[in-house]
Every structure is written in structure tokens, then in C-alpha cells.
Amino acid sequence: MHKYILRLLLLSLFISVVAAERPNILFISVDDMNTDSVGVYGNPLEDITPHMDQLAADGMRFEYAHVMVGNCYPGRNVMFSGRTSHSNLVEGFYPIRNPHYPHLVDMMKEGGYFTGIFGKVGHTTPYSPYPWDLIIGEGEEKEDYHFKDADAYFRSTLRGIEAAENAEKPFCLLINISDPHLPFYKWSRRQEIKDPYAPSKLYTQEEIPVPGYLPDTPNVRKELSHYYMSVSRADDCLGETLRALDESGQADKTVVMFLSDHGMPFPFAKTCLYHHSTRTPWMVRWPGQIKPGTHDTDHMISALDLLPTLLDVAGIQHPQGLEGRSFYQVLKGKKQPELDHVFKEYNESSGRRRHPMRGVQSKRFNYIFNPWAAGGRKFQAAGQGTLTYREMVALAETDPATAKLLQQYDYRVVEEFFDIEKDPDNLNNLIDNPEYQDEIAAHRAKLGQFMEKTKDPVYPAFQKRNDPSYLDGFVEALQTEAFRRRDVERERQRRENSN
1 MHKYILRLLL LSLFISVVAA ERPNILFISV DDMNTDSVGV YGNPLEDITP HMDQLAADGM
61 RFEYAHVMVG NCYPGRNVMF SGRTSHSNLV EGFYPIRNPH YPHLVDMMKE GGYFTGIFGK
121 VGHTTPYSPY PWDLIIGEGE EKEDYHFKDA DAYFRSTLRG IEAAENAEKP FCLLINISDP
181 HLPFYKWSRR QEIKDPYAPS KLYTQEEIPV PGYLPDTPNV RKELSHYYMS VSRADDCLGE
241 TLRALDESGQ ADKTVVMFLS DHGMPFPFAK TCLYHHSTRT PWMVRWPGQI KPGTHDTDHM
301 ISALDLLPTL LDVAGIQHPQ GLEGRSFYQV LKGKKQPELD HVFKEYNESS GRRRHPMRGV
361 QSKRFNYIFN PWAAGGRKFQ AAGQGTLTYR EMVALAETDP ATAKLLQQYD YRVVEEFFDI
421 EKDPDNLNNL IDNPEYQDEI AAHRAKLGQF MEKTKDPVYP AFQKRNDPSY LDGFVEALQT
481 EAFRRRDVER ERQRRENSN
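Following the working numbering, the numbering of the sequence shown begins with 1 at its first residue and continues without gaps.
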């Protein structure tokens with residue numbers, strides 16, 4: 001009996017020692033923020049993101065980092081499954097109730113970590129509720145943790161860390177900042193609104209930068225000014241999150257990973273696969289492991305790579321079926337020459353509109369396949385709900401340049417190819433340019449190989465990309481299925497509400 005108790009004590013001591021040696025993981029995301037909105041990534045606005053800039057100075061920032069999907073629910077499930085949307089089956093804004101793959105939560109819990117989350121709870125897992133150890137700010141707590149309030153991020157972070165300490169486990173804590181997702185500070189989709197949560201920096205519409213893919217008008221500047229103020233508020237929330245980590249005494253034992261889930265909620269950014277749609281400000285701080293001020297310009301990393309990398313950081317074995325590539329060795333200061341491209345994917349909007357896209361991007365070039373563009377379909381997604389889009393529609397009636405821009409956004413062609421060095425806004429399609437045919441062929445082949453390897457259901461359409469009739473029927477079938485699924489879900493909800 002005494003020997004049994006002794007073995008239990010020794011096992012408990014061993015687990016405690018292992019837990020003490022393994023780093024905590026604090027994953028922080030912002031919502032709908034362009035990379036070039038960050039000061040250290042080139043935003044000219046003064047002091048817009050001091051905490052993001054400091055995080056980059058304290059660790060490593062990646063120049064060539066991308067998410068895989070240009071919208072939230074599918075994109076976040078790519079991050080935390082290590083699988084493409086067509087593999088994990090979370091292609092739109094609907095739950096997958098019986099997933100056949102493990103999630104970050106499952107693997108971290110099995111690996112001895114305490115798991116907690118604040119913000120974007122329903123968009124982070126394939127279905128909800130999911131068995132986190134701690135969910136903060138949901139249900140009866142919702143009024144105490146407003147997602148636009150910087151103080152809520154301080155309290156939620158500290159609470160998650162303290163809960164892990166009480167459980168005597170290292171923590172894997174996800175803090176998902178709501179800004180700069182709409183509603184912006186004092187701005188809804190159509191008008192100004194009341195907002196008690198002021199950012200630390202306010203900007204006028206005269207001083208803010210306007211992206212080259214949007215028209216420069218007073219109305220566009222007005223909406224963008226509220227976006228940039230929301231970027232400032234997102235930075236405030238990051239600052240409070242990191243302050244909580246510092247005050248907990250766990251900062252030196254914690255890997256901090258920060259990124260944006262995709263680009264800003266405007267045309268040519270969110271819900272697309274253009275350069276600014278998927279590029280993300282990815283930063284990692286790991287005291288004692290990453291040299292402060294490291295700027296990685298050698299590697300391309302993807303949100304598909306997030307999970308395998310976190311598993312390596314935590315010392316947890318990879319499950320079978322991961323499609324991402326760990327960049328753990330890059331964090332340790334080594335080279336991974338295979339990280340020279342990223343794949344991209346988009347399937348469905350929150351309104352169940354199917355616009356399947358596939359892409360591959362290298363440092364210089366971006367190739368996109370748009371099967372939905374066959375048959376003259378019009379693109380329908382979040383960017384069209386903005387004042388900026390309505391301004392483009394109005395201007396297009398009299399301004400040929402805006403009319404051309406609007407036509408390019410609303411009605412795509414089946415294949416697009418861009419030279420990012422010369423055209424970072426991805427406005428000049430080079431798919432028919434004879435000077436680029438070798439690069440186009442190479443990128444096209446790389447994408448096809450990946451689609452075949454991952455059993456992408458869009459691969460047959462890619463193989464018949466020169467057959468408009470086939471593509472039209474292929475996408476029509478996808479749209480019919482999406483509407484059928486929507487109707488089934490509505491009926492299920494109606495029955496639940498009537499009981």
C-alpha cells in the first residue's frame with residue numbers, strides 16, 4: 001500500500017516537473033485587420049499600434065505570413081485543425097456536429113494543458129459548445145465582458161491564467177480580440193453610432209491612408225477613419241492582454257503568438273484571396289528562445305501551419321492527417337527552405353453564397369482559380385455591405401476608373417495572376433501576359449498537385465478550368481446544396497424553438 005502511494009506521489013511530482021518545463025501558450029488574434037494597418041508593417045499613422053510594434057520588437061515578426069481563408073469561421077477552423085477547409089469540412093458558417101478530426105482543444109487537453117478561450121468562441125471550433133476547460137464571457141457573464149472593452153481582455157486573460165495555476169497545469173489560452181471587425185468605433189455599416197469604448201487614438205478622415213484598391217473620396221475616408229480607430233482599440237486590447245500576462249508573473253514562461261484572421265472588411269480584402277485578403281501580421285514572442293527584434297524575410301508561413309507548430313512548441317505528438325507544415329525550427333533560428341509558398345482557399349459566405357476559390361502564393365506571385373466566375377455570376381460577400389462599396393457603385397455611374405474597379409470586384413475571370421512586387425494591390429491581372437507564362441504554369445501546377453494530394457472536391461473543376469459550361473454546372477450544384485443545407489438548419493432551429 002505504501003509503495004502504491006509512493007508511486008502516485010512520484011508520478012504526481014514528475015507531471016508537475018514536466019508541466020513546469022513546458023511553455024504556456026497565449027494565442028492572440030484580432031478580427032478583420034490588414035497587415036499594413038500595423039505601424040511596424042508600414043502604417044504611416046502615428047502611434048496607431050504601439051503594443052503590436054513592441055511585440056514585434058520583443059520577438060519575431062514574419063514578412064510573408066498568410067491565413068488560408070479570407071473569412072472567419074472557416075479560417076479559424078483551419079488554424080486549429082491543421083487541415084484545409086475541404087478536409088475539415090468547415091467550409092462556411094455552419095457547425096459540423098460530428099467531426100472526424102481532433103481540434104487544438106482536444107490535443108492540448110490530452111497533452112496536459114489547461115485550455116481557455118475568450119472571444120469568437122462559436123467560430124473557433126467545429127461545433128459549440130466544445131469542451132474547453134474554461135470559456136470566459138459567454139452566457140450569464142456576457143454583460144461583464146464586452147468584446148470592445150479593453151479592460152475585459154485584461155480581466156479575462158488574468159482569469160484564464162489563474163484558473164490554470166489552480167489546476168497546476170500549463171495553459172493554452174486563446175484571446176480573440178473583436179476589433180477591428182464591424183461595428184467599428186462609433187460606426188455601423190451605414191451610420192455613426194454611440195460607443196462608450198473609446199480607443200486611445202482618434203483619427204480624422206483627412207489624415208488616414210486609403211488603400212490603392214479603394215476610391216479616395218470623403219465617404220470612403222469617413223468609413224476608413226472609423227476602421228483605423230478600431231485598429232487602435234484592438235491594439236489597446238492587446239496591450240491589456242499582455243499587461244495581464246506580465247502581472248501574472250508568467251510572461252517569461254509563455255509563448256505569445258499574434259495574428260489577424262484575415263484582411264479588412266472592404267472590397268478586395270476580406271472574403272477574397274488577393275494579397276491583402278490573406279496576408280497577416282504574424283508575430284511570436286518566446287523569451288529565451290527567440291532573439292528580440294527578429295524579422296523573418298526568408299520563409300512563407302500559413303495559418304494551416306499553426307497547429308503543427310503549436311504542438312511542437314508544447315511537445316505533443318502530431319496526429320495523423322495534418323496538412324500544415326510546422327515552422328517550429330524557424331522559431332528556433334533554423335532555416336526551412338520548403339516554406340516558400342502558401343495555399344489559399346475560399347468556399348462560402350456567411351449568407352450561404354458559394355464562390356469557391358483556390359490559390360497559391362509565392363513571395364512574388366499570386367495565382368487564383370475562380371470556378372464560380374464562369375457563367376457571369378456576381379460576387380456576393382461581406383464587403384458589399386459597407387458604405388465604401390455603395391460609394392463605389394454610385395461613382396461607377398460617372399467615373400470610368402471606378403467602374404472598371406467595381407467590374408473587377410463584382411465579376412471575376414476564372415484565372416487570375418498577379419506580380420506582387422509590381423502590383424501589391426492585385427489589380428492588374430497578368431494571366432494572358434506572354435512574359436509570365438512560365439511562372440503561371442509553375443504556380444498552376446503547384447496548386448493542382450496540392451488539390452489532388454488533399455482530395456479537394458474542387459479539383460475536377462480545376463482540371464476542366466477551360467470548360468465554362470462544366471464550371472457553371474459545378475458551381476450551381478454547390479450553391480443548390482448550400483441552400484438546401486441552410487433550409488434544413490432553419491427547420492431544425494424552428495423545431496427546437498417550438499419545443
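We treat Cβ as the ideally placed atom computed from N, Cα and C, and that holds for glycine. If you're wondering where the values come from, they're calculated on a predicted model, not measured in any experiment.
Alpha carbon of residue i to alpha carbon of residue j, nearest angstrom
i, j, result
"leucine 406", "isoleucine 25", "43 Å"
"serine 232", "arginine 352", "32 Å"
"glutamate 247", "cysteine 237", "15 Å"
"arginine 364", "glycine 315", "34 Å"
"glutamate 143", "alanine 150", "14 Å"
"serine 16", "proline 170", "Low local confidence applies: a pLDDT of 42 at serine 16 is under 50, so the model's placement there is unreliable, with the coordinate-based value given in what follows. Spanning the two alpha carbons is a distance of roughly 10 Å."
"leucine 89", "arginine 76", "13 Å"
"glutamate 91", "proline 265", "19 Å"
"leucine 10", "leucine 202", "Its pLDDT being 36, under 50, leucine 10 is placed unreliably by the model, and the measurement read from it follows with that caveat. Those two C-alpha atoms are separated by around 57 Å."
"aspartate 195", "glutamate 496", "34 Å"
"alanine 482", "arginine 492", "15 Å"
"histidine 103", "glutamate 348", "22 Å"
"methionine 229", "glycine 39", "13 Å"
"arginine 7", "glutamate 110", "Residue placement at arginine 7 is poorly supported in this model, since its pLDDT is 42, which falls under 50; the coordinates are not used for a value here."
"arginine 221", "histidine 146", "27 Å"
"cysteine 72", "tryptophan 282", "16 Å"
"threonine 398", "lysine 404", "11 Å"
"glutamate 21", "glutamate 165", "14 Å"
"asparagine 43", "proline 209", "8 Å"
Span of the alpha helix (DSSP H) around residue i
i, result
"isoleucine 301", "Where isoleucine 301 is concerned, there is no enclosing alpha helix (DSSP H), although the beta strand (DSSP E) it sits in stretches over 294 to 302."
"tyrosine 73", "72 to 81"
"phenylalanine 483", "468 to 498"
"isoleucine 135", "That residue, isoleucine 135, is in no alpha helix (DSSP H); its beta strand (DSSP E) goes 134 to 136."
"asparagine 166", "150 to 166"
"phenylalanine 462", "459 to 463"
Pair within 7 Å by beta-carbon distance, residue i and residue j
i, j, result
"glutamate 240", "phenylalanine 118", "no"
"alanine 269", "valine 30", "no"
"glutamate 391", "threonine 280", "no"
"leucine 259", "alanine 251", "no"
"threonine 500", "tyrosine 328", "An answer regarding residue 500 cannot be provided, because it is not within the stretch 1 to 499 covered by the chain."
"valine 67", "alanine 445", "no"
"histidine 295", "asparagine 426", "no"
"tyrosine 367", "histidine 443", "yes"
"cysteine 172", "threonine 115", "yes"
"threonine 454", "serine 87", "yes"
"aspartate 456", "alanine 374", "no"
"aspartate 305", "glycine 324", "yes"
"leucine 339", "histidine 299", "yes"
"valine 458", "arginine 358", "yes"
"leucine 465", "valine 414", "The sequence shown places arginine at residue 465, rather than the leucine named in the question. In contact: arginine 465 and valine 414 (Cβ atoms closer than 7 Å)."
Sheet register partners of residue i (DSSP bridge)
i, result
"tyrosine 346", "Met357"
"isoleucine 28", "Ile175, Phe258"
"histidine 66", "Arg279, Ser302"
"asparagine 366", "Gln361, Phe418"
"valine 391", "Residue identity differs from the one stated: residue 391 is glutamate in this sequence, not valine. Answer is none; glutamate 391 lacks a bridge partner."
"valine 284", "Met60, Met257"
Residue-level contact to chain D via CB, residue i, 7 Å cutoff
i, result
"threonine 35", "No chain D appears in the structure shown, which is made up of a single protein chain."
Residue span of the beta strand (DSSP E) that contains residue i, given as start and end
i, result
"cysteine 172", "171 to 176"
"leucine 430", "No beta strand (DSSP E) contains leucine 430, which DSSP labels as neither H nor E."
"glycine 116", "114 to 118"
Top-ranked residue by Cα proximity to residue i, from the options
i, options, result
"threonine 124", "Glu323, Ile28, Asp47", "Ile28"
"proline 176", "Arg490, Asp32, Arg285", "Contrary to the premise, residue 176 reads as asparagine rather than proline in this sequence. With distances taken between Cα atoms, asparagine 176 lies closest to Asp32."
"serine 128", "Pro99, Gly112, Glu192, Gly111", "Pro99"
"glutamate 476", "Leu45, Thr278, Trp372, Pro126", "Trp372"
"glutamine 317", "Ser469, Gly112, Pro400", "Gly112"
"lysine 120", "Asp399, Ser178, Ile96", "Ser178"
"asparagine 34", "Pro50, Leu55, Glu46, Gly70", "Gly70"
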